[in-house]
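*Asks:* Numbering (full-length UniProt numbering), first residue to last: 1 to 379.
Positions of the beta carbon are idealized from the N, C-alpha and C atoms, including for glycine.
Quick caveat: nothing in here was measured; it's all calculated off a predicted structure.
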Ligand SMILES: Cc1ncc(COP(=O)(O)O)c(C=O)c1O
């Protein structure tokens, strides 16, 4: 990307690159066509709705985890959602059903409470089960542990499922490869295969990072085809979020000050890790910064400081080839998935704008945020 284009982008700003998004979508479409399955996008990971017209050229709909996500799907994906929420509130269920084609319940209690309503609304009913197999190092992201509140364990299911249940859903992956999908699919089949004959669909959840470089797409296609050949009556859905937004853009930011304290030089930025890139602190992971290196690989070292008052709102130091100066821009790579959907206005910090670099290489500002956005979340 040339400097001229970068100069046109305000700071701070999340910037999606359409060419990269289309590359991911084409890869996803290829798997769908080859394997005969349907991918839907998980809004919890990617919900940049100004790009939904592009998404709709490749996929039909989304999975929603709340009333608001279901409504966004209906209004902006122009289709009904596959909804799964860990809990549905009585005052929301009717509206949720009005935006949903499929609804998955997290417990037998919730199924009992709302299955009739779903059936009356002609929404296909499923339940989420726990396959009790996962390859996830961080507990925060592991929904398949034996005590997990997400999904019903085999031992808590009746021998015969109520007739109303037409689908089973599991979600047990997080940035995993096709070999983990294969293993979790076996675990799912082993535990819950006895119920398959009464079903119409299964949902293999998210966490399939099919757009990561090196992902064995052909292996995934083979795994899915094998499953489909064995159970031809079942429609198979996958609902990743990350895979859609993976490596499709960046967050532009600016150095506003450099503070020297103790042995640390900290570049104080006009963004915040806790407010704008919370997974860096939660997961945690170290974001890639364009042209920055690890400390031992470059002579000038700076911690990168967020603009909130949270003491831990910083990243340990990065190495740079030249000293940083006030006014320099830092580009945080791969900042599209699980960023915009998780931002807050903590401390009232300025929310980054949102923009797109289109296929012709032109920048378009989509949204700017201001005081009203902050104020409207409070009262
Ligand atoms: C039920 C469910 N489906 C799909 C996803 C999307 O997962 P990912 O963004 O890792 O593909 C999640 C993520 O937490 C989830 O909980």
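Could you tell me the alpha carbon to alpha carbon distance between residue 286 and residue 158, rounded to whole angstroms?
*Replies:* Position 286 of the chain shown, counting from 1, holds the residue named residue 286. Position 158 of the chain shown, counting from 1, holds the residue named residue 158. Each residue's alpha carbon lies about 45 angstroms from the other.
*Asks:* Taking 8 angstroms as the cut-off, is the beta-carbon of residue 21 closer than that to any non-hydrogen atom of ligand 1?
*Replies:* Here residue 21 refers to the residue found at position 21 when the chain shown is read from its first residue. No, since every heavy atom of ligand 1 falls outside the 8 angstroms radius drawn around the Cβ of residue 21.
*Asks:* Are there 16 or more other CB atoms within 10 angstroms of the CB of residue 350, so buried, or fewer, so exposed?
*Replies:* Locating residue 350 in the chain shown gives position 350, counting from the first residue. Buried, by the Cβ-count rule.
*Asks:* Look at the alpha carbon of residue 40 and the alpha carbon of residue 231, and state the distance between them as a whole number of angstroms.
*Replies:* Within the chain shown, the letter at position 40 stands for residue 40. Within the chain shown, the letter at position 231 stands for residue 231. So the alpha carbons of these two residues sit roughly 20 angstroms apart.
*Asks:* List the residues that DSSP assigns as beta-bridge partners of residue 101.
*Replies:* Here the question's residue 101 lines up with position 101 in the chain shown. According to DSSP, which records beta bridges pairwise, residue 101 is partnered with nothing at all.
*Asks:* Can you list, in chain order, the residues of its chain with a C-beta nearer than 6 angstroms to that of residue 63? Leave out the 5 residues immediately preceding and following it.
*Replies:* Your numbering for residue 63 matches position 63 in the chain shown. Result list for residue 63: 40, 42, 82, 239, in chain order.
*Asks:* How about residue 345 and residue 374: do their beta carbons lie closer than 9 angstroms?
*Replies:* Counting from 1 along the chain shown, the entry for residue 345 is found at position 345. Counting from 1 along the chain shown, the entry for residue 374 is found at position 374. Yes; because the gap between Cβ atoms is below 9 angstroms, this pair is in contact.
*Asks:* Taking the alpha-carbon positions, what's the residue 52 to residue 264 distance?
*Replies:* For the purposes of this step, residue 52 is identified with residue 52 of the chain shown, where counting begins at 1. For the purposes of this step, residue 264 is identified with residue 264 of the chain shown, where counting begins at 1. Straight across, the Cα-Cα distance linking residue 52 with residue 264 is about 43 angstroms.
*Asks:* Using only CA atoms, which one of 335, 322, 284 lies nearest to residue 312?
*Replies:* Along the chain shown, one-based indexing puts residue 312 at 312. Residue nearest to residue 312 within the set 335, 322, 284 is 284 (criterion: CA-CA distance).
*Asks:* In the DSSP assignment, find the alpha helix (DSSP H) that holds residue 77 and state where it starts and stops.
*Replies:* Sequence index remark: in the chain shown, residue 77 carries index 77 (1-based). For residue 77, there is no enclosing alpha helix (DSSP H), as DSSP gives it neither H nor E.
*Asks:* Where does residue 118 land, buried or exposed, given buried means 16+ other C-beta within 10 angstroms?
*Replies:* Stepping through the chain shown from its first residue, residue 118 is reached at position 118. By the 10 Å Cβ count, residue 118 comes out buried.
*Asks:* Mind listing which residues have their beta carbon within less than 5 angstroms of any non-hydrogen atom of ligand 1? Chain order is fine.
*Replies:* Counting every residue whose Cβ lies closer than 5 angstroms to a heavy atom of ligand 1, we get 42, 45, 171, 205, 206, 207, 239, 240, 241, 242.
*Asks:* Taking 7 angstroms as the limit between beta carbons, can you name the residues of its chain near residue 290, skipping five residues before and five after?
*Replies:* Sequence index remark: in the chain shown, residue 290 carries index 290 (1-based). 331, 333.
*Asks:* If you draw a straight line from the C-alpha of residue 68 to the C-alpha of residue 260, how long is it?
*Replies:* Within the chain shown, residue 68 is the residue found at index 68, counting from 1. Within the chain shown, residue 260 is the residue found at index 260, counting from 1. Those two C-alpha atoms are separated by around 44 angstroms.
*Asks:* Are the region 8 to 19 and the region 350 to 366 touching by the rule of at least three beta carbon pairs closer than 8 angstroms?
*Replies:* yes
*Asks:* Once the 5 residues before and after residue 163 are set aside, which same chain residues still bring their CB inside 8 angstroms of it?
*Replies:* Translated into positions along the chain shown, residue 163 becomes position 163. Result list for residue 163: 198, in chain order.
*Asks:* Taking the beta carbon of residue 47 as the centre, do at least 16 other beta carbons fall within 10 Å, making it buried, or is it exposed?
*Replies:* Counted from its first residue, the chain shown places residue 47 at position 47. Buried, by the Cβ-count rule.
*Asks:* Hey, would you say the C-beta of residue 46 is under 8 angstroms away from at least one heavy atom of ligand 2?
*Replies:* What this structure holds is ligand 1, not ligand 2.
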